[in-house]
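There are 2 protein chains.
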Amino acid sequence: MRSECAVANTLDIVGDRWSLLIVRDLLAAGQLRYGEFLESAEHIPTNTLADRLKKLEQAGVLERELYSEHPPRAVYRLTKAGRELGAVVDAMADWGVRHLPGTRRITP
Amino acid sequence: MRSECAVANTLDIVGDRWSLLIVRDLLAAGQLRYGEFLESAEHIPTNTLADRLKKLEQAGVLERELYSEHPPRAVYRLTKAGRELGAVVDAMADWGVRHLPGTRRITP
DNA sequence: CCGAATCCTAAAAGATACTG
DNA sequence: CAGTATCTTTTAGGATTCGG
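Listed below in structure tokens is the structure:
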């Protein structure tokens, strides 16, 4: 923990290049499998995706549910805490739409 | 621009490890000089601070005003667009306070 | 074919020393 | 005090490989 600041510590969890985009995609879709994240517009590298999913699961932002054993297959969903990050994603979408011409809100 | 998504493009501006902390400090203080940023709790490295201030100035988030010529001295302030990032910082502070024990809102 | 793990390179962060 | 320059370490990105 870098400090007591709630903003700084939230950034330690979702402040990297990809985590909030993963949250955005889950907010839009409800649940996604590994390969479905890879199809998203920004094309996250496969190894980076695996890292972020692990980190976000450990942080309690999303949960992984196995729906098959052989081979192991999982879907990812936001936890309650993860869904509450919707407020952050939403504020960013608002700001982008207002200040960055050519951008739009991908999902309602 | 990675995509049309407002969230992704907002992240390209403030989605790194430090930018939103700089915005946070300016929201709290109104205006700051270079050295005052360095005193903040998270101890941003001096070269990284210089990079971020330039990038955020170019993005129209903050502005730099010289108040002395010899030697050159400047203060940094948020622009109107920068102040509107307060909604993002606020949402992160809320989330952190709710989900990360031991953290608190540094400024009202 | 899907879900990763590995390897290697490129970019960014961080510490520290230095200059006007 | 306000930055720059340099060097080292860490992280990200991309291609490829591998197991089920």
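Going line by line, the protein sequences match chains R and D.
Sequential numbering from 1 applies to the first sequence in UniProt numbering.
Sequential numbering from 1 applies to the second sequence in UniProt numbering.
All C-beta atoms, glycine included, are put in the ideal place defined by N, C-alpha and C.
Interface annotation, D:D51: not in contact with chain R, CB-CB separation never under 8 Å.
The residues W18, in chain order, have a CB closer than 7 Å to that of R:T48 in the same chain once the five nearest residues on each side in sequence are set aside. By the 16-neighbour rule on beta-carbons within 10 angstroms, R:Y67 is exposed. When R:H70, R:L78, R:Y34, R:E69 are compared, the shortest CA-CA separation from R:D51 is found for R:Y34. With its beta carbon at least 8 Å from every one in chain R, D:G30 lies outside the interface. In the DSSP annotation of this structure, the continuous segment of the beta strand (DSSP E) that includes R:R73 starts and ends at 73 to 78. Ranked by Cα distance from R:K80, the first of D:V88, D:A59, D:W95 is D:W95. Chain order gives the chain D residues near R:G96 as A6, V7, N9, T10, where near means a beta carbon separation below 7 Å. D:L62: not part of any alpha helix (DSSP H); member of the beta strand (DSSP E) spanning 62 to 68, first to last residue.
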